[in-house]
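Enquirer:
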Amino acid sequence: MKKMKRDIQGKFALKNDDYREVRSLRLTDDTWKKLGIASECLGLTRADYLEKIINNELLPCNTWVDSEVLPCITRHEEELERLKAQGKNLQKENSAQKEHSAVTFVHNIVDFEAIRDRILFELKLGRQASGYKPAQKALDRMIAELKLLVDSL
Numbered sequence: 004m005k006k007m008k009r010d011i012q013g014k015f016a017l018k019n020d021d022y023r024e025v026r027s028l029r030l031t032d033d034t035w036k037k038l039g040i041a042s043e044c045l046g047l048t049r050a051d052y053l054e055k056i057i058n059n060e061l062l063p064c065n066t067w068v069d070s071e072v073l074p075c076i077t078r079h080e081e082e083l084e085r086l087k088a089q090g091k092n093l094q095k096e097n098s099a100q101k102e103h104s105a106v107t108f109v110h111n112i113v114d115f116e117a118i119r120d121r122i123l124f125e126l127k128l129g130r131q132a133s134g135y136k137p138a139q140k141a142l143d144r145m146i147a148e149l150k151l152l153v154d155s156l
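Those letters in the sequence shown? Residues 4 to 156, by the working numbering.
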């Protein structure tokens, strides 16, 4: 914010020759803060800001046209909070999608039975061999355990 010029007595210096009378407004604390923030964003006092609004004919009316958004500290803070919340929601959705994709991958893409059959073939056990059935049952139990483990994630 630019520094306002002051006179010898420490009062704000006059901006022009027009004399300003002291006036009073009844405003809520919230409105007073908002007026202060809006004027500070433009580097003006509250009184100068109100004069600028009136002189630029920025009066509210039923034909109000949206004007350019003025920079403001609180506007950015509100937007940051909204974006942070949106980011957290996206992270939750993303982790849920990752979890779902892992389960889908295990159940639909990985062919455990084909892997089992390949391992049994590599053991060089014929289907009639005495160790074939126990090995097949052990591999089937391992597949079931893996699927349960994935489902519990």
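Virtual Cβ for every residue (Gly too), placed ideally from N, Cα, C.
Using a Cβ-Cβ cutoff of less than 8 Å, which residues in the same chain neighbour Leu151 once the five nearest sequence positions on both sides are dropped?
Expert: Contacts found: none.
Enquirer: Give the DSSP-derived three-state secondary structure of Tyr22 in the structure shown.
Expert: Looking at Tyr22 - three-state DSSP - the assignment turns out to be coil, as it is neither helix nor strand.
Enquirer: Which value, in whole angstroms, describes the spacing of the CA atoms of Arg145 and Glu82?
Expert: The question names Arg, but residue 145 is Met in the sequence shown. Answer to the nearest angstrom: the Cα atoms are 51 Å apart.
Enquirer: When you compare only the Cα positions, how much space is there between Leu128 and Ser98?
Expert: Looking at the two C-alpha atoms, the distance is approximately 43 Å.
Enquirer: Given a threshold of 16 other Cβ atoms within 10 Å of its Cβ, counted over all protein chains shown, does Ser27 qualify as buried or as exposed?
Expert: The residue in question, Ser27, is exposed, as its Cβ has fewer than 16 Cβ neighbours within 10 Å.
Enquirer: Could you compute how far the alpha carbon of Lys91 sits from the alpha carbon of Asp21?
Expert: Going by the C-alpha atoms only, they are around 54 Å apart.
Enquirer: Quick check: the Cα distance between Asn65 and Gln94, rounded to an integer number of angstroms?
Expert: With a pLDDT of 48 at Asn65, under the threshold of 50, the predicted position of this residue should be treated as unreliable, though the coordinate-derived value follows. Approximately 42 Å, taken between the alpha carbons.
Enquirer: Take Lys55 and list the residues in its own chain whose beta-carbon comes closer than 7 Å to its own, dropping the five residues that flank it on each side.
Expert: Closer than 7 Å at the Cβ level, and outside the excluded window around Lys55, lie Leu47.
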